[in-house]
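Asks: Each residue of the sequence shown is one higher than the last, beginning at 14 in the numbering used here.
For each residue, glycine too, the CB sits at the ideal point set by N, CA and C.
Below is a structure I'd like to ask you about.
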Amino acid sequence: MEPAAISLIILLPFIGSAIAAILPSNARNLESLLAGLIALFCLVQVVLYFPQIQAGDVIDERFVWLQSYGLNLSLRMDGFAWMFALLVFGIGALVVLYARYYMSPQDPVPRFFAFLLAFMGSMAGVVLSGNIIQMVFFWELTSVFSFLLIGYWHHRKDARRGARMALTITGTGGLCLLAGVLILGNIVGSYELDNVLAAGSQIRNHTLYLPALVLILLGAFTKSAQFPFHFWLPNAMAAPTPVSAYLHSATMVKAGVFLLARFWPVLSGTQEWFWIVSTVGATTLIFAAYTAMFQKDLKGLLAYSTISHLGLITLLLGLNRELAAVAAVFHIINHATFKASLFMAVGIVDHETGTRDIRRLSGLLKLMPITGTLALVAAAAMAGVPFLNGFLSKEMFFSETVLVHAPSYVQAGLPILATVFGVFSAVYSLRFTADVFFGPKAIDLPKKNPHDPPIWMIVPVGLLVIVCIAVGILPALVIGPTLALAATPVVGGVLPQYSLAIWHGINEPLIMSMVALGVGSLLYVVSRTLRTKGYLEDYSFVWGLNGQRIFEWTLTFFSRQSRFLRLAFTTRRLQWQMFWLVTVTFTAVALPLWLGGLNIGSRATQPASPAFVGLWVMGCICAIAAAWQAKYHRLAAMVMLGATGLCVCITFLWFSAPDLGLTQLAVEVVTTILLLLGLRWLPQRDKNLRQPSWSLDQGMAQARRARDIIIALVAGSGIALLTLAMLTRPFPESTSTFFLERAYTEGGGTNVVNVMLVDFRAFDTFGEIVVLGIVALTVYALLRRFRPAGETMDLPMQQRVLPGDLITDLFNPRMAKDTAIGYLTVPAVLVRWLLPFTTLIAVYLFMRGHNQPGGGFVAGLVFSLGLLLQFIVSGTQWVESHLSIYPRRWIAFGMLCAIATGLGSLHWGYPFMTTHTAHLTLPYIGDIHVASALFFDLGVFTVVVGATMLILTAIAHQSVRGHRYHARKLEEEAEAKEAAAAHYARARAAFAAVAQYNTNPHHRPGAHPWK
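Shown next as structure tokens:
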């Protein structure tokens, strides 16, 4: 059976994540089954690669993307990546099974499995990436999805705080890692992992080795919670226990040591590597082990033990010894098995007892015998008890500390430090087991009568414990081949001599192990005695090193400083914002030009004809008039601004740029309508406000106006000078020749502008339409919550019409009826006949765009204008009741078209968005020329239509809401008048009855007119 492609192994969890997110919340079994099957399928595919990996093959899978920049989608599986993928999917499948029974029916289970599958795919992407930039991308994805998983119970403050802390620390480390791999790629000249791993001596001898090393180590240390970045991991314990088990064993925190081991062949072997990595590892090893002994929460104890064991792996990798690197890989495997089982056991204890407080737990072995037995074995493996997997890797660790080649004080101190670690690990392992599972039965538990959970919840723990025992008893048979495959790429291809035998005789590592277990047991007894007497309450921080407090203090400090800067340098006044924007931009552009000089080219200029000069004089007059009238008459300013745009459009046509002319004309119309709709909600100018003849404020205002005029003139002149310098450059030096020469031969089209947009710079265009869609959705989301000011809505209808409302008033529900009846009969009929015509024009411009002026963008604007005319004349409600547009679906369809075009190129083995052409013969039509860019252009077309209609109709709907508000006010006033009239009528009837009673001489004494 042939294994599936590596790309499918990474892609499948993300597909499953999307499917799980849309499943109903009550389909709990279906969601867990989906996640489990995906993890199991990927695990089987990884196992099927074993023969190829064992044969020494490195499996590559590449997709050309941005080849000119050295950025390709590259997947790579060697023995080390194969071993990590085995852990990711193997433990992932067990975690999914465990989570099926752990998660409460009240929890949003679809969201949990969606995040978990995406997290699984992200980690698989890290270990299987063949490009170091791509590795950083997946690296950051693990930070994002771990943030979502840690903050899964977002109603809890500790979950939100822990998620934010994890994202801040690991995200910052990810940025450092990105900078480091960029330097590394610059040193090697390639970002492909194969090339980087083959350039070890070149990297170590380069002057940028130390900056690259420090940045990469920062990324690894923050991810693996190494000192002083350790504090985020205990705070991440607010996540559900399945997340903690997965995060600590096979993902997230293991990504840091994976990175150290992956780059070990090229970055290790230097004094800088030795001192930085080993010092951080040794400090973390002892500090976290010491802190773990004093934890009161079971998950907190396991969290600090994880940090300590990660410090052990880091220390081994920092010793610059091949055998130490093998021991590090071995301990990665062992730690994943016993730590995942321990977290699952803690989850069972918490699930059955309702608490994780060690002080409240006791005697659980009698109540939960299966869970207790499995937890005892896993904790013994963590402590390094013989005949368990943790003992073997700990022995290798002790051996490496004895044989290290370093200064004398390091050679003497490192074995002592390792033994102290063994003592501490024995203490917290005993505290985990003896305090919780032995002793009298606990009576003060939130949940009464705890017992073993359903069998399928225990199965994952049992399988992992069986692995711990099997590796401890038969290491060469069970783990030998896997360890050899995984360690070979780490040490550079040639394994050192090592033995996985259980007994090596009485030697120094064995003596250190026995001393650690013996002294640890004695220290546990002493510490328990002191704890029962009220001592040793909290010694979890050495010398007051509270990383969480330092982190929060740092965040508070930066928040206060940013608030101070915001108050000092920001303002809500648009004038000041524009002033700083223009000034800073002008300075940033002018400074390099001032230092480097700006030369006007020697290209001959065209003679200025009187008609062209007159056109631009007219355009300048309109621009100045628009700026002047913006203060007094908004509609007049809009007219002048439109005339200026028309002059620019004619200029484009004058210089033989019909594409730009068409686009400019369509954009002018759309933006004019947009601005007119926006003017509807601006406050009215108070014409009665009189300014004094002269005052200090008026003088300062005049000075500001003079300053702004000077800045505008200087900035405009600078842009004109830059334009002149560009236009007078000799044509052969311009990049235009590149596109002119290759537009038809490589892009399949003669319209150079369109070919550039949909082929040569298709990725840029894709980014632009993504931004356009985001902007449209943002405007839509904001306007859904926007409500016009109350004082404006309370005005009578006839007083709420502003000068800029001539078009907006046509977008209102007063015309919800057929407007063909009444004074708009002729315009309504014309615009309805105009819609098919504009549609035909849009199709014509779209189809001819690859070879003639046109394209998806201008076609989308033209079609949008045809639709907007219907809204303008017929009104929003009438059009929407007869024509369903759904702009958001247009945007989504356009994005899918653009992405599908790019993925189609990758599928056929070409760079992303590469255009291909074909000649088709159709009946009655003949031969036609079709380019794959046509489908990308279709995506541009639909996104433009959707974004334009979404923004404009969202603004127009404010008038609908305004009129509805006014109608409700009138209805409420009418109801209030009716109620008042009825009340007045009842009062008059009552008074009439009283008057009749008082004037009637025959009334009985004591009678009452209301009875």
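Specify the secondary structure class of M178 as computed by DSSP and reduced to three states.
Replies: helix
Asks: So K454 packs on S375, CB below 8 Å; how close in whole Å?
Replies: Their Cβ separation, rounded to whole angstroms, is 7 Å, which keeps K454 and S375 in contact under 8 Å.
Asks: Excluding sequence positions up to five away, which residues of its chain have a Cβ less than 8 Å from the Cβ of L848?
Replies: Around L848, the same chain offers G879, L880, L882 and Q883 as residues with beta carbons nearer than 8 Å, after the five sequence neighbours per side are excluded.
Asks: Whose CA, out of L853, T292 and F158, lies closest to the CA of V256?
Replies: F158
Asks: Checking 8 Å against the spacing of the C-beta atoms, do A969 and L690 come in under that value?
Replies: Against a cut-off of 8 Å, the Cβ pair of L690 and A969 comes out as a contact.
Asks: Leaving aside the five residues before and after L965 along the sequence, list all residues of the same chain whose C-beta is less than 7 Å from its C-beta, in chain order.
Replies: Within the same chain, and ignoring the five residues on either side of L965 in sequence, the residues whose Cβ sits closer than 7 Å to its Cβ are I686, L687, L690 and L881.
Asks: Any idea which residues DSSP pairs N144 with across the strands?
Replies: E205
Asks: Can you give the Cα-Cα distance for Q812 and V886, rounded to whole angstroms?
Replies: Residue confidence is low: Q812 scores 41 on pLDDT, short of 50, so the model does not pin down where it sits. No coordinate-derived value is stated.
Asks: Please state whether the Cβ-Cβ distance between T297 and Q215 is less than 8 Å.
Replies: Their beta carbons are not under 8 Å apart, which means T297 does not touch Q215 by this criterion.
Asks: Among the candidates L191, E781 and I163, whose CA atom is the shortest distance from the CA of I146?
Replies: Checking every option, the nearest Cα to that of I146 belongs to L191.
Asks: Excluding five sequence neighbours on each side, which residues of the same chain lie with their C-beta closer than 8 Å to the C-beta of I23?
Replies: Excluding sequence neighbours, I23 sits near L88, G134, A137, G138 and L141.
Asks: By alpha-carbon positions, which one of A639, A431, V844 and A338 ends up nearest to V507?
Replies: The candidate whose alpha carbon is nearest that of V507 is A338.
Asks: Report the rounded CA-to-CA distance for K990 versus Q1009, giving the unit in angstroms.
Replies: 28 Å
Asks: For M306, name the three-state secondary structure that DSSP assigns.
Replies: coil
Asks: From what residue to what residue does the alpha helix (DSSP H) around T264 run?
Replies: Going by DSSP, T264 is part of no alpha helix (DSSP H) at all; its letter is neither H nor E.
Asks: So is I345 buried or exposed if we call it buried at 16+ other beta carbons inside 10 Å?
Replies: buried
Asks: Report the partner residues of M860 according to the DSSP bridge assignment.
Replies: Beta-bridge pairing links M860 to no other residue.
Asks: Answer yes or no: do V342 and A439 have a C-beta to C-beta separation smaller than 8 Å?
Replies: no
Asks: Hey, how far is the Cα of E988 from the Cα of R901?
Replies: Taking the straight line joining both Cα atoms gives about 39 Å.
Asks: Alpha carbon to alpha carbon, how far is N764 from P866?
Replies: When rounded, the distance between both Cα atoms is 7 Å.
Asks: Please classify F271: does DSSP put it in a helix, a strand, or coil?
Replies: Assignment of F271 by DSSP, reduced to helix, strand and coil, places it in the helix class.
Asks: Which term fits G873, buried or exposed, when burial requires 16 or more other beta carbons within 10 angstroms of its beta carbon?
Replies: buried
Asks: Of all the options A31, T386, G485 and H418, which has the alpha carbon lying nearest to the alpha carbon of F445?
Replies: In terms of CA proximity to F445, T386 leads the group A31, T386, G485 and H418.
Asks: Would I524 be called buried (16 or more neighbouring beta carbons within 10 Å of its own) or exposed?
Replies: exposed
Asks: When burial is assigned at 16 or more other CB atoms within 10 Å of the CB, is Q588 buried or exposed?
Replies: exposed
Asks: Closest to A489 by CA distance: which of E521, I515 and T414 is it?
Replies: I515
Asks: Residue ranges of each alpha helix (DSSP H) run of no fewer than 4 residues wholly in the stretch 410-485, ordered along the chain?
Replies: 421-450
Asks: Could you check what DSSP says for N520 in three-state terms: helix, strand or coil?
Replies: coil
Asks: What span of residues does the alpha helix (DSSP H) with H322 cover, start to end?
Replies: L311 to G331 is the extent of the alpha helix (DSSP H) around H322.
Asks: Let me confirm a value: P121 is counted as buried when at least 16 other C-beta atoms fall within 10 Å, else exposed. Which label applies?
Replies: exposed
Asks: Which of the three DSSP states, helix, strand or coil, is assigned to M250?
Replies: helix
Asks: Just checking my contact of A353 with I104 at CB under 8 Å: how many whole Å lie between their CB atoms?
Replies: About 5 Å separates the two Cβ atoms, so the contact holds.
Asks: For N85 and N144, I'd like the C-alpha separation in whole angstroms.
Replies: The straight-line gap from Cα to Cα measures roughly 7 Å.
Asks: How long is the line joining the alpha carbons of L25 and V597, rounded to whole angstroms?
Replies: 47 Å
Asks: So who's on the other strand from A944, going by DSSP bridges?
Replies: T930
Asks: Take every Cβ of the stretch 361-369, pair it with every Cβ of the stretch 378-385, and state whether three or more of those distances are shorter than 8 Å.
Replies: With the cut-off at 8 Å, the stretch 361-369 and the stretch 378-385 touch.
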